[in-house]
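The block underneath contains the structure these notes are about, expressed in structure tokens.
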Amino acid sequence: MPGQPMTFSLVGSPYTIDATGQHVLEEAAKLQERADLLRERGRLTDATLRAYFGDKRYEQIAESNAIEGSTLSVGETELAVEKGMTVTGHDPAYSADAINLSRALAHMVELAKDPSPSDCRQVKELHSLILGGGPTAGMFRSSPVRISGSPHAPPATWHQVMSNMEDWERWSADQSGALPLLRAIVLHAWLTHIHPFTDGNGRTARAVMNLELIRAGLPSVIIRRKDRLRYYDALAESDLGGDLEPLSELILARAEDALRDLERAAKRHEGYDAAQELLRKAQARRVAIWNDAVSLLFSLVTDAIESAVGDTGDVSTRWYDAELSVGDYAALCEGDSAGNAWLFRIDVEVPGLDRDRYLAWTGYCSLEMTRWLATGNGPAIFWSLPDPAGIRKWRQDDSQSPGVAELTLDLPDVDRWIARLPDGGVARLEPSEVARRVAEAVVESLVED
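Residues 152 to 600 in the working numbering are what the sequence shown spells out, letter by letter.
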């Protein structure tokens, strides 16, 4: 939509993005400008687009179905779709889901040729294909449903569902000139909130989100299995308080990943290279070592904090199951934030004292760490804390990080973590020593607060 003025209003929707969420609006606008510029320069040829979407098709199917529990890999998904067969060693339903979603995505591309805003008819058509037919496919439900693990109660009756979907459709039409990324986020969140179908709501909502993006000339967004718990947490916040900021930050991050991949596809020529394949296998070995080391560290840190707090308070943890893939590892080694992911969260509460929260996440090594290592970039673990100013949910502050500000490994060595300390120093620490430092810093913070 280059050159068109774009407005945005959440009036008529159940959501808010207040003044502190201004960065969400700005980031969405920047990504749209990048996509428009790429197109204006003539770098998005039909051949490039076909190659890009062909590469991403099975990844998108596999990752979207994995959010719902599918265990098929990208390669197994391709096998199921191309051969129309059931992949052995997995629930047969997962192969059927892959085939059905492939058909729905193909139809989504056709729907995207129509510039009309997304409406109930299109939602039903996509849902019908995702479910592969059947008595409830493409039909709004007439009985109550519950969302597993969520206190949110979607509208219970058919009339309530229809009323909500009419509001959804009206907002879609009224806000046809809004930034496509923001439209996509709102329409996606709102569909999951209404939960208009008995089954298949999440896959349908993600398909509608990508319908909006493709219609606007943007690459489709892939919410990955490593994002699953963060994604569910963000949807829960949007359900209960109408706060779209956590979901927006996740989707905008993945939209930037998709745009970066599209920009790369415009530059490169695909082809098999034997030397590169050997390097990828070596990367895979290192990724496995890294993931095992991080999992062990999480267990040690959790045990150390629980022991330090004891019976005086409560420690809760959330493991985001965000193991690095080879692609993530390669991205981080190139200093590319596409490999970033939330790792785990720790909440500590002691009666009479403040509640402290810490978010550990994977990114690429800081400039200070790369200089110290003198071996190039790679994955590292950082901490973020709740932002007291409320500008973002979380902010990185090395001086407030618990015990260590940054952690990395000189792979394949896992006996010592290389730690950049809050005071700027660097030390090699055994995993148990890292855990002890973190626990001591957490307790010290509670006492000081």
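C-beta atoms are modelled at their ideal positions from N, C-alpha and C, and glycine is treated no differently.
In chain order, what residues of the same chain have a beta carbon less than 6 Å from the beta carbon of S399, not counting five sequence neighbours either side?
By 1-based counting over the sequence shown, the position of residue 399 is 248. Correct list, in chain order: V175, I336.
What is the C-beta distance between S476 and V438, in whole angstroms, given that I count them as a contact (C-beta under 8 Å)?
The residue labelled residue 476 in the question sits at position 325 within the sequence shown. The residue labelled residue 438 in the question sits at position 287 within the sequence shown. That belief holds up - the Cβ atoms of S476 and V438 are roughly 7 Å apart, short of 8 Å.
Using only CA atoms, which one of G368, E233, A592, M360 lies nearest to K264?
Position 113 of the sequence shown, counted from the first residue, corresponds to residue 264. Closest option to K264, Cα to Cα, is G368.
Given a cut-off of 8 Å, decide if Q211 and S323 are closer than it, judged by their beta-carbon atoms.
As a working mapping, residue 323 is identified with position 172 in the sequence shown. As a working mapping, residue 211 is identified with position 60 in the sequence shown. No; because the gap between Cβ atoms is not below 8 Å, this pair is not in contact.
From E388 to V232, what does the alpha carbon distance come to, in whole angstroms?
As a first step, residue 388 must be located in the sequence shown, where it is residue number 237. As a first step, residue 232 must be located in the sequence shown, where it is residue number 81. If you take the alpha carbons of E388 and V232, they lie about 35 Å apart.
Using only the alpha-carbon positions, how far apart do V359 and M259 sit?
One-based indexing of the sequence shown puts residue 359 at position 208. One-based indexing of the sequence shown puts residue 259 at position 108. Approximately 8 Å between the Cα atoms of the pair.
For D412, which of M290, P268, G478 has the nearest alpha-carbon?
Counting from one through the sequence shown, the residue named residue 412 turns up at place 261. It is G478.
When DSSP labels each residue in this structure, what does D424 get in the three-state scheme?
Looking up residue 424 in the sequence shown gives position 273. Unreliable placement is indicated for D424, whose pLDDT of 45 sits below 50; the coordinate value is still reported in the next sentence. D424: coil per DSSP, three-state reduction.
Which residue from D472, V225, D454 puts its Cα closest to that of A249?
For the purposes of this step, residue 249 is identified with residue 98 of the sequence shown, where counting begins at 1. Considering only alpha carbons, the answer is V225.
DSSP state of Y166, grouped into three classes?
Within the sequence shown, residue 166 is the residue found at index 15, counting from 1. Looking at Y166 - three-state DSSP - the assignment turns out to be coil, as it is neither helix nor strand.
Report yes or no: do the stretch 513-522 and the stretch 569-580 share at least 3 C-beta pairs separated by less than 8 Å?
The stretch 513-522 is in contact with the stretch 569-580.
Using a 10 Å radius around the Cβ and a threshold of 16 neighbouring Cβ atoms, would you call I542 buried or exposed?
Along the sequence shown, one-based indexing puts residue 542 at 391. With fewer than 16 Cβ atoms within 10 Å of its Cβ, I542 is classed as exposed.
According to DSSP, is E500 helix, strand or coil?
Position 349 of the sequence shown, counting from 1, holds the residue named residue 500. Three-state result, E500: strand.
Only counting the same chain, and skipping five residues up and downstream in sequence, which positions put a Cβ closer than 6 Å to that of V339?
On the sequence shown, residue 339 is found 188 positions in, with the first residue counted as 1. A quick correction: the sequence has His, not Val, at residue 339. A356, M360, listed in sequence order.
For G514, name the three-state secondary structure that DSSP assigns.
Numbered from 1 along the sequence shown, position 363 holds the residue referred to as residue 514. Strand at G514.
By how many angstroms is the C-alpha of R469 removed from the C-alpha of D454?
For the purposes of this step, residue 454 is identified with residue 303 of the sequence shown, where counting begins at 1. For the purposes of this step, residue 469 is identified with residue 318 of the sequence shown, where counting begins at 1. Cα to Cα, D454 sits roughly 14 Å from R469.
Quick one: complete beta strand (DSSP E) runs, 3+ long, within the stretch 521-556?
530-537
What are the boundary residues of the beta strand (DSSP E) that includes D325?
As a working note, residue 325 is residue 174 in the sequence shown. First-last for D325: 309-325, but that is the alpha helix (DSSP H), not the beta strand (DSSP E).
Do N251 and I218 have their beta-carbon atoms positioned less than 8 Å apart in this structure?
For the purposes of this step, residue 218 is taken as the residue at position 67 of the sequence shown. For the purposes of this step, residue 251 is taken as the residue at position 100 of the sequence shown. For I218 and N251, no; Cβs fall outside 8 Å.
If we count the other Cβ atoms within 10 Å of its Cβ and call it buried at 16 or more, is H346 buried or exposed?
Within the sequence shown, numbered from 1, the residue matching residue 346 stands at position 195. Under this definition H346 is a buried residue.
Which whole-angstrom value is the C-beta distance of L510 and D561, which I expect to be below 8 Å?
Within the sequence shown, the letter at position 359 stands for residue 510. Within the sequence shown, the letter at position 410 stands for residue 561. Contact flag wrong, Cβ pair sits at about 25 Å.
Can you give the Cα-Cα distance for W534 and R272, rounded to whole angstroms?
Taking the sequence shown and counting its residues from 1, the one referred to as residue 534 is at position 383. Taking the sequence shown and counting its residues from 1, the one referred to as residue 272 is at position 121. W534 and R272 have their alpha carbons spaced roughly 45 Å apart.
Among M236, S299, A444, S246, whose alpha-carbon lies nearest the alpha-carbon of P563?
For this step, residue 563 is matched to residue 412 along the sequence shown. Checked all of M236, S299, A444, S246; the closest Cα to P563 is A444.
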